[in-house]
Amino acid sequence: MNIGFKIIRRTIIPQIRESGLMLKLGLAIVATIIVLSIAAPLLTPYSPVTKAGVALQPPSSRHIMGTNNLGYDVFSRILYGGRTVLTVVISATLLSMCVGVPLGLISGYYGRIVDRIFSIVMDSMYAFPSLILALAIAAVLGPSMVNAIIAIAVVYIPTYFRMVRGQTLSIKSLLYVEAAKAIGAKDLRIIIRHILPNLLPTVIVVFTMNIADAILTEAGLSFLGFSVPPPTPDWGADLRAGHEYLLAGYWWLVAFPGLMIMLLATGFALIGEGLNDLLSLREAEKR
Amino acid sequence: MTALRTYIVVRTLMTIPIVFTLLTIVFIILRVMPGDPITAMVGMKAPPEYIERLKEEAGLNKPYHVQYVDYILGIIRGDFGRSLIWGRRPVLVEILDHLPATIELTIFGFLVSIIIGLTTGTIAGVKCYTRVDTSLRIYSIVAYALFIPWLGMMFQLIFGVYLKVLPVGGRIDPGLTVGWKPITGLYVLDGILTGRFDITMSALYHLILPSLTLGIVLSGAYTRLVRANMIDVLSQDFIRAARARGLSEFKVLKHALKNAFIPVLTMMGLQFAILLTGAVLTETTFSWPGMGTFLLERIKYVDYTTIQGTIVFFAIFVSVVNLVVDILYALIDPRIRY
Numbered sequence: 001m002n003i004g005f006k007i008i009r010r011t012i013i014p015q016i017r018e019s020g021l022m023l024k025l026g027l028a029i030v031a032t033i034i035v036l037s038i039a040a041p042l043l044t045p046y047s048p049v050t051k052a053g054v055a056l057q058p059p060s061s062r063h064i065m066g067t068n069n070l071g072y073d074v075f076s077r078i079l080y081g082g083r084t085v086l087t088v089v090i091s092a093t094l095l096s097m098c099v100g101v102p103l104g105l106i107s108g109y110y111g112r113i114v115d116r117i118f119s120i121v122m123d124s125m126y127a128f129p130s131l132i133l134a135l136a137i138a139a140v141l142g143p144s145m146v147n148a149i150i151a152i153a154v155v156y157i158p159t160y161f162r163m164v165r166g167q168t169l170s171i172k173s174l175l176y177v178e179a180a181k182a183i184g185a186k187d188l189r190i191i192i193r194h195i196l197p198n199l200l201p202t203v204i205v206v207f208t209m210n211i212a213d214a215i216l217t218e219a220g221l222s223f224l225g226f227s228v229p230p231p232t233p234d235w236g237a238d239l240r241a242g243h244e245y246l247l248a249g250y251w252w253l254v255a256f257p258g259l260m261i262m263l264l265a266t267g268f269a270l271i272g273e274g275l276n277d278l279l280s281l282r283e284a285e286k287r
Numbered sequence: 288m289t290a291l292r293t294y295i296v297v298r299t300l301m302t303i304p305i306v307f308t309l310l311t312i313v314f315i316i317l318r319v320m321p322g323d324p325i326t327a328m329v330g331m332k333a334p335p336e337y338i339e340r341l342k343e344e345a346g347l348n349k350p351y352h353v354q355y356v357d358y359i360l361g362i363i364r365g366d367f368g369r370s371l372i373w374g375r376r377p378v379l380v381e382i383l384d385h386l387p388a389t390i391e392l393t394i395f396g397f398l399v400s401i402i403i404g405l406t407t408g409t410i411a412g413v414k415c416y417t418r419v420d421t422s423l424r425i426y427s428i429v430a431y432a433l434f435i436p437w438l439g440m441m442f443q444l445i446f447g448v449y450l451k452v453l454p455v456g457g458r459i460d461p462g463l464t465v466g467w468k469p470i471t472g473l474y475v476l477d478g479i480l481t482g483r484f485d486i487t488m489s490a491l492y493h494l495i496l497p498s499l500t501l502g503i504v505l506s507g508a509y510t511r512l513v514r515a516n517m518i519d520v521l522s523q524d525f526i527r528a529a530r531a532r533g534l535s536e537f538k539v540l541k542h543a544l545k546n547a548f549i550p551v552l553t554m555m556g557l558q559f560a561i562l563l564t565g566a567v568l569t570e571t572t573f574s575w576p577g578m579g580t581f582l583l584e585r586i587k588y589v590d591y592t593t594i595q596g597t598i599v600f601f602a603i604f605v606s607v608v609n610l611v612v613d614i615l616y617a618l619i620d621p622r623i624r625y
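Chain order of the listed sequences is A and B.
Per my numbering, residue 1 is the first one in the first sequence, and the count goes up by one each step.
Per my numbering, residue 288 is the first one in the second sequence, and the count goes up by one each step.
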C-alpha cells in the first residue's frame, strides 16, 4: 500500500498534472491563433494584399511587423495567412479522416482480400516521403487552395486507416461484439454502434496530432510554391518570398511567418500529446 | 540461422508488391488523375500545339493501359527515359548526378539527430518526471514543430549574415573543384580519397548549417522514443540486479542504453521517409544541389519524364532502405522471425 502510494505520488500525479498543463497550453495557443485570424479585420487597418506603406520597413509602431518587399503590411499577412493555413489544414485533415476511418473499419472488420489490398496500398503510401507525394499531386493538379487540400488529404489517409484497422481488429474479437453478432445484428450496425464509438477517443487524438503534421506539410507545399497562388497571404509562401531578402538582413519578412507555423504546430501537438496522455492514463486506471 | 534466412528471403519478396503498388500509385497520380500534368505545369496560356508536342514526347497520348505497360517494363529494364530538356540526358544519369549530395546531407543530418536524440532522451529517461524531463519533453515537441526552412533561415541570419562565420548555401567553395574529379560524389569522402583535405574541410564547413537544421528538427522523435524506452528498461529486473551487484551508474546506463536502442532502430526505417522530406526543404533553403532542388527545378521546366523518374526513384529508394533496416533489425534481435 505504502509503495503503491509512493508510485502514485511520484509518477502518476505529476503525469496528470503535466498532461493537463500541456492540454491547456496547447488549447490556449490554438485558440489565440484562431481568434486572431478570425478577428483580423478588427486588429489591423491594412489589407494583406495592397500596398500599405514604403517597402521593406523594419517593425515600427505603424507596422508592428514591418512591411515586405511590395510594401504590404507583414502583420496583416500573418493574420490573414492564418485563415488560409487553418482552412487548408483543417479541411484536408477532415477529408482524410472521412476517407481513412471508413476504409480502416471495412478493412479491419471484413478482412480477407479487401483488407490485403487496402493494407498494401496504405502501407506503401505511408512509407513514402509525405511531402514528395503531396508535391507530386499538387504539381499535377496545379497550384490552388482546393488542390492543396486534396494533396494533403491524400497523404494522410493511411495514418487514419492504419490506426482504425488495427483497433477494429482487436475490438471485433471482443465478447460484446460476438454477442451482438449472436443475436443477429447486421454488420453495419455492429460497425457503427459497437466498434466506431470505441475508436472515437483514439481518432480524436490522431486527428489533433495529424493537424500538427499537416500544418508543416502545408507550409512545405506553399514554401515550394504549390499551394495558394500569390498574392494570397500564406505563411509558407511568405517565408519563401522573404528568403530572397534575408541575406540583405531583412529578417522580419521570414522570422514572423515561421514563428507562426511553429506556434500553431506546437499548439496542436501539445493538445494531441495531452489528450493522448490522459487517455492512456485512463486506460491504465481501468485495468 | 535458417529462420533468419527465411526471414530475409520473405521480407525481400514482400518488397516486390510494395514497390509495384508504389509505382502504380505514382502512375495514377501523374497520368490518370484529373488535371493534366503538362497543362498544369506549362500553364493555361501555352499554345495547344506546344502542349501536344510535349505530351507526345512524354508518351502521354497513348491509351492508359499501353502507357502503364510501357512504364512498368521501362522501369524493370532500368530505363527511366530521357529528359525532355537540356541535352536530353538519360533520367537515371541525371538522378545519379544529384543523389550523392542528398545522401551526404541525409547522413550528416541523421548523425546530428541521433546524437541529440540519444543524449536528450537518455537524460530525460534517467531524470524522468523532474523539471529536466519536462523541459526536454517540451524541446521534443517544439523541435518537431519547427519548420525546416525557417530554422535554416534563422541559422543563415545568425551565422551567415550577422556573424559571417559560416557559408549560407552550396556544397563547397566553387573555386576548389576546378579540375578535380569526384569519385563517389560524396565530397567529404572524395576529398580524403583523393588526398585533397581542403575539399573535405570545405565540404564539412558547408554541411554544418544544413545538417544541424535537418538534425535538430528530426531529433525530437528520437528524444521521445529513447526516453520512453529508457524509463521502461530502467525499471526492469536486470538493471536492479546490476545495481545490486554494485556496478557504477555509468555501466548500468550502458546496459540500459543498449536495450533501449533496439526499438530506435526500427523507427529509423520510417524516419528515413521523413528524413527525405526534410532533405527536400533543407536543400531548397540552402541551395543544396541534391534530389530535392533537382526535382523542383524540373517541375518548373515541365521536364515530365524526369519528374516521373525522380518520383519513381524515390519510391524504390525508400522501399529498399526499409528492407535493409528490417533485415538489420532481424540480425540484431533474434525475436524478429516469421
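All C-beta atoms in this analysis are idealised placements derived from N, C-alpha and C, irrespective of residue type, glycine included.
With distances taken from CA atoms, which of B:Phe446, B:Glu391, B:Val599, B:Ile470 is nearest phenylalanine 307 of chain B? Here residue 307 of chain B refers to the residue found at position 20 of the second sequence. The shortest Cα separation from phenylalanine 307 of chain B among B:Phe446, B:Glu391, B:Val599, B:Ile470 belongs to B:Val599.
Between leucine 239 of chain A and chain B, is the shortest Cβ-Cβ distance under 8 Å, so that the two count as touching? Reading the first sequence from its first residue, position 239 is the one you call residue 239 of chain A. At least one chain B Cβ lies under 8 Å of leucine 239 of chain A.
Per-residue contacts from leucine 567 of chain B into chain A (C-beta, under 7 Å): Residue 567 of chain B sits at position 280 when you count from the first residue of the second sequence. For clarity, residue 567 of chain B is valine in the given sequence; the question names leucine instead. Residues of chain A passing the Cβ test: Leu131, Ile132.
Compare the C-alpha of alanine 237 of chain A against each of B:Thr311, B:Leu347, B:Pro436 and name the closest. To locate residue 237 of chain A, count along the first sequence from 1; it is residue 237. Checking every option, the nearest Cα to that of alanine 237 of chain A belongs to B:Pro436.
Please state whether the Cβ-Cβ distance between valine 254 of chain A and glycine 267 of chain A is less than 8 Å. The count along the first sequence starts at 1 and reaches residue 254 of chain A at position 254. The count along the first sequence starts at 1 and reaches residue 267 of chain A at position 267. No, they are not a contact pair.
CB contact below 8 Å: glutamine 558 of chain B versus chain A: As a first step, residue 558 of chain B is located in the second sequence; it is residue number 271 there, counting from the start. No, its Cβ sits nowhere closer than 8 Å to a Cβ of chain A.
Cut-off 6 Å between Cβ atoms - residues of its own chain near cysteine 415 of chain B, not counting five sequence neighbours on either side: As a working mapping, residue 415 of chain B is identified with position 128 in the second sequence. If we look at cysteine 415 of chain B and ignore the five residues flanking it on each side, its Cβ neighbours are Ile518.
Residues of the region 289 to 312 of chain B with Cβ closer than 7 Å to any Cβ of chain A, in chain order: Pro304, Ile305, Thr308, Leu309, Ile312
Beta carbon of threonine 564 of chain B, beta carbon of isoleucine 132 of chain A: below 8 Å? In the second sequence, residue 564 of chain B corresponds to position 277, counting from 1. In the first sequence, residue 132 of chain A corresponds to position 132, counting from 1. Taking 8 Å as the Cβ cut-off, threonine 564 of chain B and isoleucine 132 of chain A qualify as a contacting pair.
Chain A contact for alanine 388 of chain B (CB, 8 Å cutoff): The count along the second sequence starts at 1 and reaches residue 388 of chain B at position 101. By this cut-off, alanine 388 of chain B is not an interface position.
Which class does proline 377 of chain B belong to by DSSP, given the choice of helix, strand or coil? Counted from its first residue, the second sequence places residue 377 of chain B at position 90. If DSSP states are grouped into helix, strand and coil, proline 377 of chain B belongs with the strands.
Under 7 Å Cβ-Cβ, which residues of chain A neighbour tyrosine 492 of chain B? Position 205 of the second sequence, counted from the start, is the residue given in the question as residue 492 of chain B. The contacting residues do not exist; tyrosine 492 of chain B stays about 18 Å from chain A at best.
Methionine 260 of chain A and isoleucine 78 of chain A: beta carbons closer than 8 Å? Counting from 1 along the first sequence, the entry for residue 260 of chain A is found at position 260. Counting from 1 along the first sequence, the entry for residue 78 of chain A is found at position 78. Contact: yes.
By the three-class DSSP mapping on this structure, what secondary structure does aspartate 460 of chain B have? On the second sequence, position 173 is the one that residue 460 of chain B refers to. Coil, per DSSP.
Output, in chain order, the set of chain A residues within a Cβ distance shorter than 7 Å of isoleucine 428 of chain B. On the second sequence, position 141 is the one that residue 428 of chain B refers to. Near isoleucine 428 of chain B (Cβ distances below 7 Å), the residues of chain A are Thr266, Ala269, Leu270, Glu273.
Whole angstroms is fine: what's the gap from proline 576 of chain B's alpha carbon to leucine 557 of chain B's? Your numbering for residue 576 of chain B matches position 289 in the second sequence. Your numbering for residue 557 of chain B matches position 270 in the second sequence. Between proline 576 of chain B and leucine 557 of chain B, the C-alpha separation is close to 24 Å.
For chain B, check one thing: does any of its Cβ atoms lie closer than 8 Å to the Cβ of methionine 1 of chain A? Reading the first sequence from its first residue, position 1 is the one you call residue 1 of chain A. Low confidence applies here, because methionine 1 of chain A scores a pLDDT of 44, under 50, leaving its location unreliable; read the following figure in that light. No, methionine 1 of chain A does not count as interfacial toward chain B.
Chain B beta carbons: is any one of them nearer than 8 Å to that of tryptophan 252 of chain A? For the purposes of this step, residue 252 of chain A is taken as residue 252 along the first sequence, with counting starting at 1. So no, tryptophan 252 of chain A is outside the interface.
Cut-off 8 Å between Cβ atoms - residues of its own chain near arginine 189 of chain A, not counting five sequence neighbours on either side: One-based indexing of the first sequence puts residue 189 of chain A at position 189. Ala180, listed in sequence order.
Helix or strand or just coil, what does DSSP make of methionine 1 of chain A? Numbered from its first residue, the first sequence carries residue 1 of chain A at position 1. Confidence is the limiting factor: at methionine 1 of chain A the pLDDT is only 44, short of 50, which leaves the residue's position unreliable and the question unanswerable from this model.
Top-ranked residue by Cα proximity to tyrosine 449 of chain B, from A:Leu105, A:Leu246, A:Ile150: Your numbering for residue 449 of chain B matches position 162 in the second sequence. Of the candidates A:Leu105, A:Leu246, A:Ile150, the one whose C-alpha sits nearest the C-alpha of tyrosine 449 of chain B is A:Leu246.
Tell me which residues of the region 586 to 617 of chain B have at least one Cβ-Cβ distance to chain A shorter than 8 Å, keeping chain order. Ile586, Ile594, Ile598, Phe601, Ala602, Val605, Ser606, Asn609
Across the region 216 to 230 of chain A and the region 81 to 91 of chain A, are there enough close Cβ pairs to call them in contact, namely three or more that are closer than 8 Å? yes
In the DSSP assignment, what residue or residues form a beta bridge with aspartate 357 of chain B? Numbered from its first residue, the second sequence carries residue 357 of chain B at position 70. Answer by DSSP bridge pairing: none, since aspartate 357 of chain B is not bridged.
Hey, is the region 482 to 490 of chain B in contact with the region 520 to 538 of chain B, meaning 3+ C-beta pairs nearer than 8 Å? no
Identified DSSP bridge partners for arginine 369 of chain B: Taking the first residue of the second sequence as 1, we reach residue 369 of chain B at position 82. Its beta-bridge partners are B:Pro377.
Are the C-beta atoms of valine 520 of chain B and some chain A residue less than 8 Å apart? Within the second sequence, the letter at position 233 stands for residue 520 of chain B. Taking Cβ atoms only, chain A never reaches closer than 8 Å to valine 520 of chain B, which makes this a no.
Tell me the DSSP secondary structure of aspartate 187 of chain A in three-state form. Here residue 187 of chain A refers to the residue found at position 187 when the first sequence is read from its first residue. Reduced to three states, the DSSP call for aspartate 187 of chain A is helix.
Boundaries of the alpha helix (DSSP H) in which phenylalanine 581 of chain B is found, first to last residue: Mapped onto the second sequence, residue 581 of chain B falls at position 294. Start and end: 578 to 587.
If we require 4 or more residues per run, which alpha helix (DSSP H) segments fall completely within the region 219 to 267 of chain A? 235 to 246
Let me know if isoleucine 312 of chain B comes out buried or exposed under the rule of 16 or more other beta-carbons within 10 Å of its beta-carbon. Your numbering for residue 312 of chain B matches position 25 in the second sequence. So isoleucine 312 of chain B counts as buried.
With DSSP as the reference, please indicate the residues paired to threonine 67 of chain A in a beta bridge. Position 67 of the first sequence, counted from the start, is the residue given in the question as residue 67 of chain A. A:Asp73.
Best match in B:Leu499, B:Glu570, B:Leu317, B:Thr406 for proximity to tyrosine 358 of chain B [C-alpha to C-alpha]: For the purposes of this step, residue 358 of chain B is taken as residue 71 along the second sequence, with counting starting at 1. If we check each option's Cα against that of tyrosine 358 of chain B, B:Leu317 comes out closest.
Of all the residues that make up the region 159 to 180 of chain A, which are near chain B by a beta-carbon distance shorter than 8 Å? none
Report yes or no: is there a C-beta of chain B within less than 8 Å of the C-beta of proline 59 of chain A? For this step, residue 59 of chain A is matched to residue 59 along the first sequence. It does not; no Cβ of chain B falls within 8 Å.
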